[in-house]
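In my numbering, the protein residues as written are -14 to 116.
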């Protein structure tokens, strides 16, 4: 988001949308961070797999910031953008936005992070992307 943005918007492409369910809450009734991380891994993995054209493994997760609690019933949207590629690695930026049942269409950013994957072959060894 630049300083000129009056209304922030998601970065990247919408990859996954889910409803936040009560079974994924912490003791305070908010969606727990582990559930969000799991879904972020799925969304970024989908993006990376398309580029890798095959099997890959997550090797790191960084820069995860939880900004706002997610409420039960919220529509949770996962946006991804490839930030960098190497010979065998792919770095995917993920943003998570929600709208609550009370404010449909009024999205707010709740978390973000960077997931790094490495393309692997059938034996689990590193391979070149696209091979």
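In this text, a Cβ means the ideal position worked out from N, Cα and C, and glycines have one as well. As the structure is a prediction and not an experimental result, all values here were calculated from the model.
> Which same chain residues, not among the five before or five after residue 53, have their C-beta less than 7 Å away from its C-beta?
Replying inline: 93, 95
> What residue from 50, 48, 36, 30 has the CA that sits closest to residue 42's CA?
Replying inline: 30
> Are there 16 or more other CB atoms within 10 angstroms of the CB of residue 79, so buried, or fewer, so exposed?
Replying inline: By the 10 Å Cβ count, residue 79 comes out buried.
>> Does residue 32 pass the burial test, meaning 16 or more other C-beta atoms within 10 Å, or should it be called exposed?
In response: Buried: at least 16 other Cβ atoms inside 10 Å.
> Nearest to residue 115 by CA position, among 58, 7, 72, is which residue?
Replying inline: 72
>> Which runs of the alpha helix (DSSP H) at least 4 residues long sit entirely within the segment -8 to 39? Give them in chain order.
In response: Fully enclosed alpha helix (DSSP H) runs of 4 or longer: 18 to 37.
> By a C-beta neighbour count over all protein chains shown, 10 Å radius and 16 as the cutoff for buried, is residue 62 buried or exposed?
Replying inline: So residue 62 counts as buried.
>> For residue 113, count the other beta carbons within 10 Å of its own beta carbon; 16 or more makes it buried, fewer makes it exposed. Which is it?
In response: exposed
> With respect to the beta strand (DSSP E) encompassing residue 106, which residues constitute its N-terminal and C-terminal limits?
Replying inline: From DSSP, residue 106 is part of no beta strand (DSSP E); its letter is neither H nor E.
> Excluding the five sequence neighbours on either side, which residues of its own chain have a C-beta within less than 8 Å of the C-beta of residue 58, listed in chain order?
Replying inline: 4, 5, 85, 86
> Tell me, which residues are paired with residue 85 by DSSP?
Replying inline: DSSP output for residue 85 lists no bridge partner at all.
> Excluding the five sequence neighbours on either side, which residues of its own chain have a C-beta within less than 8 Å of the C-beta of residue 101, listed in chain order?
Replying inline: 43, 44, 45, 46, 47, 74, 75, 76, 77
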